[in-house]
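Below: the structure, in C-alpha cells.
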Amino acid sequence: MNPPDCWIIGIAGGSASGKTRVAHAIVEELGQEEVQVIDQDSYYCDLSDLPLDERKKQNFDHPSSFDGALLFDHLTILRQGGWVEKPVYDYTAHTRSARTERVGGHSVLVLEGILVLDDPRLRALMSIKVFIDTDPDVRLIRRLRRDVTERGRSVESVLTQYEASVRPMHQQFVEPSKRYADIIIPEGVENHVGVDILRTKVHALASSSARGQRPADLFPTGR
Numbered sequence: 000m001n002p003p004d005c006w007i008i009g010i011a012g013g014s015a016s017g018k019t020r021v022a023h024a025i026v027e028e029l030g031q032e033e034v035q036v037i038d039q040d041s042y043y044c045d046l047s048d049l050p051l052d053e054r055k056k057q058n059f060d061h062p063s064s065f066d067g068a069l070l071f072d073h074l075t076i077l078r079q080g081g082w083v084e085k086p087v088y089d090y091t092a093h094t095r096s097a098r099t100e101r102v103g104g105h106s107v108l109v110l111e112g113i114l115v116l117d118d119p120r121l122r123a124l125m126s127i128k129v130f131i132d133t134d135p136d137v138r139l140i141r142r143l144r145r146d147v148t149e150r151g152r153s154v155e156s157v158l159t160q161y162e163a164s165v166r167p168m169h170q171q172f173v174e175p176s177k178r179y180a181d182i183i184i185p186e187g188v189e190n191h192v193g194v195d196i197l198r199t200k201v202h203a204l205a206s207s208s209a210r211g212q213r214p215a216d217l218f219p220t221g222r
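Written as C-alpha cells, this is what we have:
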C-alpha cells in the first residue's frame with residue numbers, strides 16, 4: 000500500500016490541556032511549509048438557525064456537537080493530497096462564521112481537539128495518536144484565563160459551563176479516549192522529553208514520503 004500524500008497526527012486532551020501548544024511545537028520543528036494545524040473546534044455544527052441565547056445553552060463538549068461527517072470527509076481529501084474549504088468558528092457568536100479557509104498541500108496535518116481520538120473514523124486516518132494529560136485544576140485555570148480574555152466570556156459563565164458540561168463530558172468521553180493514544184504526554188509542552196519524542200516521530204514521517212515508507216516501517220512496535 001502506498002503511503003498517504005499527507006500524514007495525519009491526532010492530538011487529543013481535555014479543554015485547555017495544552018494541545019494547541021504541542022501542535023505548534025511540531026510546526027516549529029518542520030515549518031509551516033510542511034505542517035498544517037487544524038482544530039476540531041472549526042467543525043462545530045452550524046447553529047446559525049438558533050437564537051444566540053439558545054446557542055449559549057448547547058453542550059459543546061459532547062461528540063454530537065461536532066460535524067464529524069464533514070471533518071472526516073475533509074481529512075480524507077487532505078490525506079490524499081487534495082484541498083478543502085475549512086470552516087471558521089466564531090466563539091463569540093457560538094456558530095460558524097461566513098468565511099472559510101483554504102487548506103491543503105502539506106506533508107503533515109496535525110488535527111487537535113478534545114474528542115479527535117473518540118471517533119473511530121478519525122482514528123483510522125491517523126498515523127500517530129497523541130493524548131495530552133494535564134491536571135484538571137491546571138486546565139480549569141487556563142480555560143478561565145483564555146475564555147475571559149480571548150473569547151469575551153464572564154468568569155461566572157465559564158464556571159457554569161465547566162460544571163454543567165465540560166467536566167462531565169471530559170469524564171465520559173475525553174478521558175476514556177486516552178486508551179487509543181500511541182503517545183501520552185503529561186503536562187503538554189512542559190514535558191520536554193515527551194514533546195521531543197513526538198517531534199522525532201513526526202519528523203520521521205515527514206521525511207519518509209519520498210522513500211515510500213509506511214508508519215509500520217518507521218515504528219514497528221506501534222499500534
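Sequential numbering from 0 applies to the sequence shown in numbering that gives the first Met the number 0.
Cβ atoms here follow ideal geometry from the backbone N, Cα and C, with glycine treated the same way.
Discussion item. According to DSSP, is P219 part of a helix, a strand, or is it coil?
Written reply: Residue 219 sits at position 220 when you count from the first residue of the sequence shown. Caution applies to P219, whose pLDDT of 42 falls short of 50 and renders its modelled position unreliable; the model cannot decide the point.
Worksheet item: Quick one, are the C-beta atoms of V129 and L121 less than 8 angstroms apart?
Response: Taking the first residue of the sequence shown as 1, we reach residue 129 at position 130. Taking the first residue of the sequence shown as 1, we reach residue 121 at position 122. No, the pair does not count as a contact, with Cβ atoms beyond the cut-off.
Discussion item. What does the alpha-carbon distance come out to for the pair S106 and C5?
Written reply: Translated into the one-based positions of the sequence shown, residue 106 becomes position 107. Translated into the one-based positions of the sequence shown, residue 5 becomes position 6. Looking at the two C-alpha atoms, the distance is approximately 4 angstroms.
Discussion item. For M168 and D60, I'd like the C-alpha separation in whole angstroms.
Written reply: The count along the sequence shown starts at 1 and reaches residue 168 at position 169. The count along the sequence shown starts at 1 and reaches residue 60 at position 61. The straight-line gap from Cα to Cα measures roughly 6 angstroms.
Item to complete: Mind reading off the beta-carbon distance from I182 to L197? Whole number of angstroms is fine, and I expect it under 8 angstroms.
Response: Within the sequence shown, residue 182 is the residue found at index 183, counting from 1. Within the sequence shown, residue 197 is the residue found at index 198, counting from 1. Contact flag correct, Cβ pair sits at about 6 angstroms.
Discussion item. What would DSSP say about Q212, mapped onto helix, strand or coil?
Written reply: For the purposes of this step, residue 212 is taken as the residue at position 213 of the sequence shown. Note that Q212 has pLDDT 48, beneath the 50 cutoff, so the model's placement of it is unreliable and the number below is only indicative. Note: Q212 maps to coil in three-state DSSP.
Worksheet item: Buried or exposed: G104, going by 16 or more other Cβ atoms within 10 Å of its Cβ?
Response: The residue you call residue 104 lines up with position 105 of the sequence shown. By the 10 Å Cβ count, G104 comes out exposed.
Worksheet item: When the distance is taken between beta carbons, is D132 closer than 8 angstroms to G12?
Response: Start at 1 with the first residue of the sequence shown, and residue 12 comes out as number 13. Start at 1 with the first residue of the sequence shown, and residue 132 comes out as number 133. In this structure, D132 lies closer than 8 angstroms to G12 by Cβ.
Worksheet item: Which of helix, strand or coil does DSSP assign to F130?
Response: Here the question's residue 130 lines up with position 131 in the sequence shown. Three-state DSSP puts F130 in a strand.
Fill in: Cβ pair count under 8 angstroms reaching 3, the stretch 41-56 against the stretch 86-102
yes
Worksheet item: Between I76 and V83, is the Cβ-Cβ spacing less than 8 angstroms?
Response: On the sequence shown, position 77 is the one that residue 76 refers to. On the sequence shown, position 84 is the one that residue 83 refers to. Yes, Cβ-Cβ distance for I76 and V83 is below 8 angstroms.
Fill in: Sequence-distant residues of the same chain with beta carbon closer than 8 angstroms to V26, five excluded per side
The residue you call residue 26 lines up with position 27 of the sequence shown. Excluding residues within five positions, the ones whose Cβ falls inside 8 angstroms are V34, V36, V109.
Discussion item. Looking at the secondary structure, which residues open and close the alpha helix (DSSP H) in which A99 lies?
Written reply: On the sequence shown, residue 99 is found 100 positions in, with the first residue counted as 1. The sequence shown places Thr at residue 99, not Ala. Note, T99: premise wrong, no alpha helix (DSSP H); beta strand (DSSP E) at 94-103.
Worksheet item: Should T220 be labelled buried (16 or more other beta-carbon atoms within 10 Å of its own) or exposed?
Response: Numbered from 1 along the sequence shown, position 221 holds the residue referred to as residue 220. Per-residue confidence for T220 stands at a pLDDT of 40, beneath the threshold of 50, marking its modelled position as unreliable; the derived number appears in the next sentence. Exposed is the call here.
Item to complete: List the residues that DSSP assigns as beta-bridge partners of K55.
Response: Indexing the sequence shown from 1 puts residue 55 at position 56. K55 pairs with nothing; no bridge assigned.
Item to complete: Leaving aside the five residues before and after G80 along the sequence, list all residues of the same chain whose C-beta is less than 7 angstroms from its C-beta, in chain order.
Response: What you label residue 80 is simply residue 81 of the sequence shown in a count that begins at 1. Cβ within range, chain order: D4, C5.
Worksheet item: To the nearest whole angstrom, what separates the beta carbons of E111 and T19, a pair I think is in contact under 8 angstroms?
Response: Counting from one through the sequence shown, the residue named residue 111 turns up at place 112. Counting from one through the sequence shown, the residue named residue 19 turns up at place 20. Sure, about 6 angstroms apart at Cβ, within 8 angstroms.
Worksheet item: First and last residue of the alpha helix (DSSP H) that includes E155?
Response: Along the sequence shown, one-based indexing puts residue 155 at 156. Run containing E155: 154-160, per the alpha helix (DSSP H) assignment.
Practice prompt. Can you give me the Cβ contacts of Q212 inside the same chain, cut-off strictly under 8 angstroms, excluding the 5 residues immediately before and after it?
Written response: Along the sequence shown, read from residue 1 onward, the residue named residue 212 stands at position 213. Low local confidence applies: a pLDDT of 48 at Q212 is under 50, so the model's placement there is unreliable, with the coordinate-based value given in what follows. Once the five neighbours on either side are set aside, the close Cβ partners of Q212 are P2.
Practice prompt. Quick one: using the 10 Å Cβ neighbour count with 16 as the cut-off for buried, is I140 buried or exposed?
Written response: Here residue 140 is taken as the residue at index 141 of the sequence shown, counted from 1. Label assigned to I140: exposed.
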